[in-house]
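Asker:
Protein chains: 2
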Amino acid sequence: MPEGSNFRQPEGDFRWDGVELMAYKEEGSAPFKAITRQVLFARPELGCELRYFEMQPGGHSTLERHGHVHAVTIFRGRGLCLVGSEVREVAAPGLVYIPPMTWHQFRATAGEPFGFLCMVNAQRDKPQLPSEDELRQLRQNPAIAAFLDT
Amino acid sequence: MPEGSNFRQPEGDFRWDGVELMAYKEEGSAPFKAITRQVLFARPELGCELRYFEMQPGGHSTLERHGHVHAVTIFRGRGLCLVGSEVREVAAPGLVYIPPMTWHQFRATAGEPFGFLCMVNAQRDKPQLPSEDELRQLRQNPAIAAFLDT
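The listed protein sequences derive, respectively, from chains A and B. Mapped onto the working numbering, the consecutive letters of the first sequence carry residue numbers 1 to 150. Mapped onto the working numbering, the consecutive letters of the second sequence carry residue numbers 1 to 150.
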């Protein structure tokens, strides 16, 4: 690797030279909207990966849970975040911890792009989607119902 | 842990509630100047830690190397960075990878605070400082000598 590739300069708005702008997930595999993924660091020498996810206004990540945890740093703009039974407005440079097996979702509700860095173990389990019954239970909390309907 | 503690809101300039503002290293253990450390995430569930380092204008990190690698995301402002034999100007949201056993240092040379997120393996070796002879060798590169004298 040439030494120059140790540096990835910004190219416009939260894009980096040599970092591919990817689909968030495979289309149709889960519900999501207007969100992209860039893998900033995924090195065999490191126990974790660092990804940057960005939503356009009105976009959202998948409502999901999994055994692995997320360490999230809001990097751009503001929006809403669900963790467990709590909905919070978050803004850069806020921090969010997603514990194991905890329902979570991010929503770009502020009319601006909303982006976050997500540190995650390189080895991890697959996310689970809520069943219809689990979704019904979640919606019994009015704050979560309002969040899901934004 | 109460659910509310899954969120760390920003409190002013790159400070977070519940995150301690720490000395960069123990005073006298290594050369450094006007730099602070905040550990944003250090969880037993994660293979890595995420730390935020911030230098005041004129400040710098320690010139050092180690077997573990750093995955760096510039989070605030701009400054200079040495990696191996290369000196580069870096700015938010640029990325820097520090390979194993590679001399590196950050310097806040732009008259503004300069801060970066550093992802690092939780288990890692201790940094090494350059010997006088190694420093002399590094200074034979004019770009490095100019960088060290800024």
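For every residue, glycine included, the Cβ atom is placed at its ideal position computed from N, Cα and C. Being a predicted model, the structure only gives us computed values, none of them experimental.
Where F114/B and H104/A are concerned, what is the direct C-alpha to C-alpha distance, given to the nearest angstrom?
Answerer: Their Cα atoms are separated by approximately 32 Å.
Asker: Run through DSSP, which three-state label would A143/B get?
Answerer: If DSSP states are grouped into helix, strand and coil, A143/B belongs with the helices.
Asker: For chain B, is any of its Cβ atoms less than 8 Å away from the one on E20/A?
Answerer: Closer than 8 Å: no.
Asker: So, helix, strand or coil for R88/B, using DSSP?
Answerer: Note: R88/B maps to strand in three-state DSSP.
Asker: Thinking C-beta only, is A122/B closer than 8 Å to E49/B?
Answerer: Cβ distance < 8 Å, so E49/B and A122/B count as in contact.
Asker: Between the C-alpha atoms of F53/B and R65/B, what's the straight-line distance to the nearest angstrom?
Answerer: C-alpha separation (whole angstroms): 17 Å.
Asker: For Q137/A, name the three-state secondary structure that DSSP assigns.
Answerer: The answer is helix: DSSP assigns Q137/A an H, G or I state.
Asker: Can a CB atom of chain B be found closer than 8 Å to the CB of V39/A?
Answerer: No - not a single Cβ of chain B is within 8 Å of the one on V39/A.
Asker: Buried or exposed: P142/B, going by 16 or more other Cβ atoms within 10 Å of its Cβ?
Answerer: Looking at its Cβ environment, which holds fewer than 16 other Cβ atoms inside 10 Å, P142/B is exposed.
Asker: So which residues of chain A does A122/B contact, with C-beta pairs closer than 8 Å?
Answerer: The answer, in chain order, is G47.
Asker: Flag L138/A as yes if its beta-carbon sits less than 8 Å from any beta-carbon of chain B, otherwise no.
Answerer: Closer than 8 Å: no.
Asker: Check whether the Cβ of S57/B lies closer than 8 Å to any Cβ atom in chain A.
Answerer: Before going further, note that residue 57/B is Pro rather than Ser in the sequence given. No, no contact with chain A.
Asker: Which residue's Cα is closest to the Cα of A30/B: L138/B, F75/B, Q128/B?
Answerer: Ranking the options by Cα distance to A30/B, first place goes to Q128/B.
Asker: Quick check on G94/B - is its C-beta less than 8 Å from some C-beta in chain A?
Answerer: G94/B counts as touching chain A.
Asker: Tell me the DSSP secondary structure of L82/B in three-state form.
Answerer: The answer is strand: DSSP assigns L82/B an E or B state.
Asker: Kindly identify the DSSP beta-bridge partner or partners of W103/B.
Answerer: DSSP lists no partner for W103/B.
Asker: Would you kindly report the start and end of the unbroken beta strand (DSSP E) that includes G58/A?
Answerer: First-last of the beta strand (DSSP E) with G58/A: 48-60.
Asker: Assign E112/A to one of three DSSP states: helix, strand, or coil.
Answerer: Of the three classes helix, strand and coil, the one that applies to E112/A here is coil, per DSSP.
Asker: In the DSSP assignment, find the beta strand (DSSP E) that holds R76/A and state where it starts and stops.
Answerer: Run containing R76/A: 70-76, per the beta strand (DSSP E) assignment.
Asker: Against chain B, with Cβ distances strictly below 8 Å, would T73/A count as a contact?
Answerer: It does: the Cβ of T73/A has a partner Cβ on chain B nearer than 8 Å.
Asker: Say whether chain A places a C-beta atom closer than 8 Å to the C-beta of Y97/B.
Answerer: With 8 Å as the cut-off, Y97/B counts as an interface residue toward chain A.
Asker: Between the beta-carbon of N6/A and the beta-carbon of P93/B, is there less than 8 Å?
Answerer: Cβ atoms of N6/A and P93/B: not closer than 8 Å.
Asker: Please classify R107/A: is it buried, with 16 or more other beta-carbons within 10 angstroms of its beta-carbon, or exposed?
Answerer: R107/A is buried by the Cβ-count criterion.
Asker: P2/A by DSSP, collapsed to three states: which one?
Answerer: Unreliable placement is indicated for P2/A, whose pLDDT of 41 sits below 50; no coordinate value is reported for it.
Asker: Taking just the CA atoms, how far does E112/A sit from S61/B?
Answerer: Answer to the nearest angstrom: the Cα atoms are 35 Å apart.
Asker: If you draw a straight line from the alpha carbon of V69/B to that of E27/A, how long is it in whole angstroms?
Answerer: The straight-line gap from Cα to Cα measures roughly 34 Å.
Asker: Quick check: what's the CA-CA separation for R8/B versus D17/A?
Answerer: Those two C-alpha atoms are separated by around 31 Å.
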